[in-house]
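>
Numbering (my numbering), first residue to last: 1 to 302.
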């Protein structure tokens, strides 16, 4: 069994569609380069310093700092309309025939709206055939699975309409589940009540969440203790990929590498994927949930 993603074909400069995504998709830089995927970075502001996600911010260092400095303010922001406009225009100037932004769920970020406005602005100014925006209704490397799939097909010459139809179908076979080490950060950010935080802290009950078909965060399970979180994640993913012929998994963590290795071993033993990797959660996802977050994304084919 391969312990990394399947090898990627070289980028095709004559591709009918140039793929753009965002840094929440967690696509490894070497694969983004090979597939000619343009990655739009979100920004992360820690106290008074702003970093570019995936460029000048080390996730592991930030998560360690969040553990040490309990009141460390961490904020995130999506790319602006102007940044999307510049990126799309550069793709056009580099020879893009069509552009497709495969993006983070609009329920969690304003990136989709910003990209939509930028696409309209550029389309009105140039003769580029089409700029399309595809809301994956996903996040994490689950979103990245769709972006990589889109790029592979684009590099094979598939046209934009066919690509959009394929992504609509493929989205039904992609997803993830994630659990937390503590409810502290959710309570601090106001995303859960203090009473719920105190109850969960006392009982050691932790949530396991995913995104529904509308791209909204939903509770899929509750676990007593962190080890049970891993079991619930495996149980959820195993159920979602029933009947697969080919399966890619990605274990994600935020300063929880030991637990990530354990989760990977559990997945290999119980689900038997064709390939699996371990990667860091982007700080964009961890800013409000805190270090210790762990999850698993999947992409299966019948």
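C-beta atoms are modelled at their ideal positions from N, C-alpha and C, and glycine is treated no differently.
Since I believe residue 100 is in contact with residue 163 (beta carbons under 8 Å), could you give me their beta-carbon distance rounded to a whole number of angstroms?
Confirmed, about 7 Å.
> Three Cβ pairs or more, each shorter than 8 Å: is that satisfied between the stretch 290-302 and the stretch 178-187?
Touching, per the Cβ criterion.
> Go ahead and pull the three-state DSSP assignment for residue 84.
Three-state DSSP puts residue 84 in a helix.
> Given a cut-off of 7 Å on the beta-carbon distance, is the pair residue 245 and residue 301 in contact?
In contact: residue 245 and residue 301 (Cβ atoms closer than 7 Å).
> Pop quiz: residue 263 and residue 296 are said to be a contact at Cβ under 8 Å. What is the actual Cβ separation, rounded to whole angstroms?
With 8 Å as the limit, residue 263 and residue 296 qualify as a contact, their Cβ atoms being about 6 Å apart.
> Label residue 129 either buried or exposed according to how many other C-beta atoms from any shown protein chain fall within 10 Å of its C-beta, with 16 as the threshold for buried.
Exposed: under 16 other Cβ atoms inside 10 Å.
> Give me the DSSP bridge partner(s) of residue 176.
Bridge partners of residue 176: 297.
> Would the beta-carbon of residue 279 fall within 7 Å of that of residue 23?
No, Cβ-Cβ distance for residue 279 and residue 23 is not below 7 Å.
> Return helix, strand or coil for residue 213, following the three-state DSSP convention.
Coil, per DSSP.
> Kindly confirm or deny that the stretch 40-51 and the stretch 66-79 touch, where touching means at least three C-beta pairs closer than 8 Å.
Contact between the stretch 40-51 and the stretch 66-79 is present, because at least three Cβ pairs lie under 8 Å.
> From the DSSP output, in three-state form, read off residue 17 for me.
The answer is coil: DSSP assigns residue 17 none of H, G, I, E or B.
> Please report the distance separating the alpha-carbon of residue 9 from that of residue 171.
Caution applies to residue 9, whose pLDDT of 39 falls short of 50 and renders its modelled position unreliable; the model cannot decide the point.
> Starting from residue 38, trace the beta strand (DSSP E) in both directions and tell me its first and last residue.
First-last of the beta strand (DSSP E) with residue 38: 38-40.
> Report the three-state DSSP secondary structure of residue 12 (helix, strand or coil).
Here the model assigns residue 12 a pLDDT of 48, short of 50, so the residue's position is not dependable, and the following value carries that caveat. Coil, per DSSP.
> Would you give the residue range spanned by the alpha helix (DSSP H) that residue 227 belongs to?
From DSSP, the alpha helix (DSSP H) with residue 227 extends over 226-240.
> By DSSP, does residue 60 sit in helix, in strand, or in coil?
The answer is helix: DSSP assigns residue 60 an H, G or I state.
> Compare the C-alpha of residue 139 against each of 27, 88, 32, 266 and name the closest.
Looking at the Cα atoms, 27 is the closest of the given residues.
> So is residue 98 buried or exposed if we call it buried at 16+ other beta carbons inside 10 Å?
It counts as buried.
> Hey, how far is the Cα of residue 5 from the Cα of residue 205?
Since pLDDT at residue 5 reaches only 42, below the 50 mark, its modelled position is unreliable, and the value read off the structure follows with that caveat. Approximately 33 Å between the Cα atoms of the pair.
> With three or more beta-carbon pairs closer than 8 Å as the criterion, would you say the stretch 209-225 touches the stretch 264-271?
Counting Cβ pairs under 8 Å, fewer than three are found: no touch.
> In terms of residue numbering, what span does the beta strand (DSSP E) encompassing residue 247 cover?
Run containing residue 247: 246-253, per the beta strand (DSSP E) assignment.
> Taking Cβ positions, are residue 219 and residue 174 nearer each other than 7 Å?
It is not a contact, given that the beta carbons lie outside the stated cut-off.
> Can you list, in chain order, the residues of its chain with a C-beta nearer than 8 Å to that of residue 336? Leave out the 5 residues immediately preceding and following it.
Any question about residue 336 goes unanswered here, given that the chain covers just 1 to 302.
> Answer with buried or exposed for residue 1, where buried requires no fewer than 16 other C-beta atoms within 10 angstroms of its C-beta.
The pLDDT assigned to residue 1 is 45, lower than 50, so where the model puts this residue is not dependable; a value taken from the coordinates is nonetheless given after this. The residue in question, residue 1, is exposed, as its Cβ has fewer than 16 Cβ neighbours within 10 Å.
> For residue 215 versus residue 25, is the C-beta spacing smaller than 7 Å?
It is not a contact, given that the beta carbons lie outside the stated cut-off.
> Would you say the beta carbon of residue 35 comes nearer than 6 Å to a heavy atom of the ligand MN?
Questions concerning the ligand MN fall outside what the structure shown contains, since it holds no ligand whatsoever.
> Which whole-angstrom value describes the C-beta separation of residue 241 and residue 298, a residue pair presumed to lie in contact below a C-beta threshold of 8 Å?
The pair is a contact, with the Cβ atoms about 5 Å apart (cut-off 8 Å).
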